[in-house]
Amino acid sequence: MAVTCQYKGGIAAFETLSTGVASGNADNVIRHDAINTNLALNATSTPAVSQVVWVNKALAGGAGTLDLTALTGANGAVDLTGLKVQAIKFKTPAGNAAMTIMFGVANPYNLLGASWTLILPAATTIASEIQFVCNEGAPDVAGAAKDIDLSGTGSEVLEVQIVAG
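If you use the working numbering, the sequence shown corresponds to residues 2 to 166, in order.
Take a look at the structure:
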């Protein structure tokens, strides 16, 4: 199996100026997208990637755990042991309450350092999401470093895409 990841992250915002534009200047629109990121990751890139998995995790009683050694991907079981998370995206669909994503209590995966926490706000009419590239900064997945805990108010769903290598 070969994995290629096209990572795109950014916001393109357009600002139309109504004052302070030289007369006769037709270009009064400023495009704000200078910090957008476009990366191509594969087995020979830096960082290298070799596994991908997409998970649709439903909470039970407002709680859940992602075990990075026991995921299910397109070809069946996916175990990320010995690999680092290189890119990850968390997304809650519209209608979800706020959801907390954090290091696992039992076997913490310190994705963003020790004792990290992310809170995705309630997704009222559009999805709430966050994505980032770890660029070799996350630890290797191991037996004592494998869990990401999730909490919400009921049976919310979290979509997770993980690229590891």
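In this text, a Cβ means the ideal position worked out from N, Cα and C, and glycines have one as well.
*With respect to the beta strand (DSSP E) encompassing Ile102, which residues constitute its N-terminal and C-terminal limits?*
Looking at the DSSP string, the run of the beta strand (DSSP E) that includes Ile102 is 100–104.
*Compare the C-alpha of Ile89 against each of His33, Ala59, Val30, Asn136 and name the closest.*
Nearest option by C-alpha distance: Asn136.
*Spatially closest choice to Gly83 from Val142, Asn29, Thr17, by CA coordinates*: The shortest Cα separation from Gly83 among Val142, Asn29, Thr17 belongs to Val142.
*So what does DSSP say about Trp55, is it helix, strand or coil?*
Residue state, collapsed to three classes: strand.
*Lys9 versus Ser51: straight-line alpha-carbon distance, rounded*: Whole-angstrom Cα-Cα distance: 18 Å.
*Is it true that the CB of Glu157 sits closer than 8 Å to the CB of Thr101?*
Not a contact, by the Cβ cut-off of 8 Å.
*Count the other C-beta atoms from every protein chain shown that fall within 10 angstroms of the C-beta of Phe15, then say buried if there are 16 or more, exposed otherwise.*
With fewer than 16 other Cβ atoms from the protein chains shown falling within 10 Å of its own Cβ, Phe15 counts as exposed.
*Integer-rounded CB distance, given that Ala145 should sit under 8 Å from Asn108*: At roughly 5 Å, the Cβ-Cβ gap stays under 8 Å, so Asn108 and Ala145 are in contact.
_For Ser1 and Phe133, which I take to be in contact (beta-carbon distance under 8 Å), what is that distance rounded to the nearest angstrom?_
Residue 1 lies beyond the residue range present for the chain, which begins at 2 and ends at 166; the question has no answer from this structure.
_So, with DSSP's three-state summary, where would you put Thr4?_
Inspection of the sequence shows that residue 4 is occupied by Val rather than by Thr. Val4 falls in the coil class under three-state DSSP.
_What does the alpha-carbon distance come out to for the pair Ile131 and Leu18?_
Distance from the CA of Ile131 to the CA of Leu18, rounded to the nearest whole angstrom, comes to 30 Å.
*Of the choices His33, Gly155, Ile163, Ile12, whose alpha-carbon is the least far from that of Gly96?*
Considering only alpha carbons, the answer is Gly155.
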